[in-house]
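Protein chains in written order, with the working numbering: chain A, 150 to 573; chain B, 66 to 521. Don't be surprised by glycine CBs; every beta carbon is placed ideally from N, CA and C.
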């Protein structure tokens with residue numbers, strides 16, 4: 150016996166979550182298993198489609214229009230532009246993200262002071278867009294060294310933003326420790342918990358707004374690092390806006406990231422509502438196959454091997470960083486099903502001498518047919534009931550193109566749709 | 066992109082260290098190094114910190130990343146480095162383990178560091194040490210109390226005595242002591258006829274199910290202290306449900322799983338108990354039994370903490386063959402379909418507000434009750450969210466930790482109040498007592514609902 154489902158998705162990132170959601174919405178009995186917590190908590194929470202061409206040209210204004218010019222092996226070309234649009238509608242339906250009113254990329258300031266072309270952004274980042282010409286005050290916190298507000302402001306100015314931007318650093322009321330966790334700030338603001346200001350207790354939201362008011366000039370928009378609450382982030386922002394009398398926005402931060410955590414929560418909630426099952430914390434370590442079909446995969450739990458069986462499987466384990474692709478000095482491998490990954494025999498061919506050059510390793514990944522089934526070295530379908538989605542796929546460099554989220558959503562959508570169709 | 070100049074001159078060449086040199090084998094399985102396995106895999110992404118329920122409410126607590134890999138790094142560079150006393154504020158929820166993208170064994174490091182702190186640095190005559198030792202050795206007190214359950218139930222919650230306990234020992238007077246059952250699980254088990262009776266029941270049931278009468282279906286039940294002394298109804302439900310599926314149950318000799326001892330750094334105590342448990346379980350595992358626990362902290366200890374901390378003969382085999390009760394049925398029986406085809410009425414036909422214990426979460430079991438019972442007619446189940454209950458075994462019993470423990474639990478209490486049901490459900494006995502304490506709700510174990518649904 151085994152734990153059974155119709156579709157088993159391996160991987161809990163954006164690609165795995167989207168494919169499980171799509172398959173469940175198509176009526177399949179879906180189970181998602183993920184080794185560790187979703188990699189979304191490492192992500193900025195911004196959802197990019199295509200920011201730059203593979204040749205580094207950009208920022209791109211209309212990502213959909215630019216997809217036709219991508220090389221043939223690019224995942225967007227595999228699934229088609231119309232499918233990318235459909236998959237983004239599914240994403241829009243289950244999140245409260247902005248940016249769906251236009252095909253054009255939005256320009257969102259990052260914590261480093263660059264401007265990033267992105268297709269969807271959290272509501273909390275909306276007031277911060279670089280295309281808006283209202284003046285901005287960025288507020289940094291002494292105890293939060295990951296965001297240097299004056300430095301970020303200077304970078305934005307140098308990038309030529311159409312507004313005045315100034316950075317100020319204040320102490321978070323209550324004088325949290327220099328290494329306080331982002332969840333500590335979020336919890337205090339979520340609950341409007343008491344903080345001590347000059348010996349008197351005050352709600353964290355009020356106290357923070359008062360400190361900002363002492364450094365604010367006439368700016369109509371105030372940007373904070375992304376720590377403004379977790380469960381009640383809209384309420385935190387609304388309270389600050391009222392007390393400061395200006396629009397408030399969050400600047401997306403590096404890992405660990407609250408916007409990423411919130412996106413993770415929203416997607417898992419949608420998955421739960423769609424009736425899917427999921428489990429995190431244990432890796433898939435082995436599988437049984439009968440010729441062309443995968444029969445059972447095994448999840449390891451401290452030595453115990455738990456069998457999970459399904460009719461259809463989706464591999465969404467991530468790329469080199471997510472450990473869905475591994476490499477040693479000899480070869481590059483896909484560790485779960487040992488799918489073929491094309492790479493040069495000599496490892497010195499895997500990278501470019503120029504640090505910022507065109508590195509072959511960035512596009513390493515599995516190759517698939519049109520329905521996203523991984524192919525062997527001889528271009529035959531490896532398993533008839535296995536599909537791959539997200540950054541385990543080869544043929545594109547998401548870091549250079551800023552296309553990681555879009556490819557994950559689009560290919561996850563297609564893999565989930567096909568798996569559900571086959572399972573019934 | 067960075068502003069740095071592209072180093073276009075860089076031309077990589079083969080390492081020129083000679084043909085015999087294999088740089089990946091610099092440290093071939095050396096035991097001389099005190100590098101905790103995995104400490105170097107930590108790249109300080111801090112995602113573990115976002116999971117820590119203590120760091121979320123306590124500004125003084127430096128979080129799991131500091132307690133684990135950073136303390137080990139400090140120890141490497143400074144021979145006199147002493148373990149930071151903040152490690153005693155870690156509640157051993159073990160949530161950080163599940164977060165690390167590099168597989169750093171964080172909770173193992175915390176347990177080891179806490180053990181070292183307690184044995185090397187803590188004053189053995191301090192009230193804190195004595196108090197922690199009493200709390201950690203709950204089994205000993207429970208064994209005595211259960212001899213005189215009525216007296217114990219009265220005495221342990223007697224106001225003046227509790228005031229005295231807080232003043233002298235630092236055990237909070239805010240909490241109600243768990244009630245001791247008048248008949249322990251083991252007393253019930255023995256009176257019922259022990260393993261022989263269970264074998265007969267199982268054989269009869271297999272015949273009814275059309276299975277081979279002598280089919281090899283047998284489990285060894287690790288009931289733990291709580292379902293023995295305090296909630297024997299959970300243990301009884303576990304026996305009846307397993308017999309219903311045709312399993313023979315045995316209840317071997319056992320001590321405390323060690324969970325409260327790990328959390329208090331009492332590793333020597335924990336080892337003594339672990340040795341007894343592993344010895345009796347490994348004999349049975351050799352004979353083809355699987356070990357089953359109904360408490361998720363007990364299964365966590367047997368599967369993960371023992372092999373991580375102790376080198377006991379047979380422990381790996383026991384860990385590989387240990388399962389949580391519902392998980393086991395999910396693997397081996399068609400329990401999902403059975404639940405879909407039945408219904409529940411009477412006392413357990415309720416809407417339940419379900420909380421997944423941290424130690425269930427860590428075994429990947431946080432969703433199984435919700436997913437199984439959502440198809441059950443007559444009862445409803447609602448997940449009250451991912452927050453920690455805050456009690457963490459003995460943690461919330463300490464006077465100085467009580468407030469923090471309630472602050473951590475606040476989110477769960479709120480979600481429970483908002484949930485449709487007014488009966489709680491969880492696998493963990495101490496989470497259950499925190500749920501009761503914070504909301505006044507009665508709390509049930511999933512096995513009780515399963516018994517009501519499947520066993521007539």
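Is any beta-carbon of chain A found at less than 8 Å from that of residue i?
i: residue 515/B; result: no
i: residue 112/B; result: yes
i: residue 136/B; result: no
i: residue 432/B; result: yes
i: residue 404/B; result: no
i: residue 388/B; result: yes
i: residue 271/B; result: no
Can you tell me whether residue i is buried or exposed? The criterion is at least 16 other CB atoms within 10 Å of its CB, across all chains shown.
i: residue 250/A; result: exposed
i: residue 179/B; result: buried
i: residue 265/A; result: buried
i: residue 184/B; result: exposed
i: residue 497/A; result: exposed
i: residue 394/A; result: exposed
i: residue 265/B; result: exposed
i: residue 226/B; result: exposed
i: residue 478/A; result: exposed
Return no unless some Cβ of chain B is closer than 8 Å to the Cβ of residue i.
i: residue 405/A; result: yes
i: residue 402/A; result: no
i: residue 416/A; result: no
i: residue 190/A; result: yes
i: residue 428/A; result: yes
i: residue 166/A; result: no
i: residue 382/A; result: no
i: residue 151/A; result: yes
Could you give the distance in angstroms between the alpha-carbon of residue i and the alpha-carbon of residue j?
i: residue 343/A; j: residue 353/A; result: 6 Å
i: residue 284/A; j: residue 218/A; result: 37 Å
i: residue 327/A; j: residue 277/A; result: 26 Å
i: residue 458/A; j: residue 161/B; result: 29 Å
i: residue 195/B; j: residue 466/B; result: 16 Å
i: residue 150/A; j: residue 293/A; result: 51 Å
i: residue 114/B; j: residue 125/B; result: 13 Å
i: residue 255/A; j: residue 271/A; result: 12 Å
i: residue 312/B; j: residue 358/B; result: 14 Å
i: residue 184/A; j: residue 313/A; result: 45 Å
i: residue 385/A; j: residue 338/A; result: 6 Å
i: residue 356/A; j: residue 348/A; result: 13 Å
i: residue 531/A; j: residue 233/A; result: 25 Å
i: residue 439/B; j: residue 189/A; result: 27 Å
i: residue 407/B; j: residue 306/B; result: 14 Å
i: residue 476/A; j: residue 495/A; result: 13 Å
i: residue 207/B; j: residue 463/B; result: 18 Å
i: residue 427/A; j: residue 435/A; result: 19 Å
i: residue 493/B; j: residue 410/B; result: 24 Å
i: residue 257/B; j: residue 346/B; result: 22 Å
i: residue 479/B; j: residue 521/A; result: 44 Å
List the endpoints of the continuous beta strand (DSSP E) containing residue i.
i: residue 182/A; result: 179-183
i: residue 574/A; result: Residue 574/A falls outside the range modelled here, since chain A spans only 150 to 573, and no answer is possible.
i: residue 352/B; result: Element bounds for residue 352/B: n/a, residue is neither H nor E.
i: residue 168/B; result: Premise fails: residue 168/B is in no beta strand (DSSP E) and is neither H nor E.
i: residue 416/B; result: 416-419
i: residue 265/A; result: 264-267
i: residue 317/A; result: 314-319
I'd like the span of the alpha helix (DSSP H) that includes residue i, first residue to last.
i: residue 301/B; result: 297-309
i: residue 571/A; result: 553-572
i: residue 547/A; result: 547-550
i: residue 241/A; result: 230-243
i: residue 154/A; result: From DSSP, residue 154/A is part of no alpha helix (DSSP H) but of the beta strand (DSSP E) over 152-159.
i: residue 249/A; result: Careful: residue 249/A lies outside any alpha helix (DSSP H) and carries neither H nor E.
Just the chain D side, please: which residues come within less than 8 Å of residue i by C-beta, in chain order?
i: residue 363/B; result: Any reference to chain D falls outside this structure, whose protein chains are A and B.
* Asked: Quick one: complete beta strand (DSSP E) runs, 3+ long, within the stretch 381-430 of chain A?
  -> 396-400 and 426-429
* Within the stretch 107-133 of chain B, ranges of the alpha helix (DSSP H) (whole runs, at least 4 residues) -> 118-122
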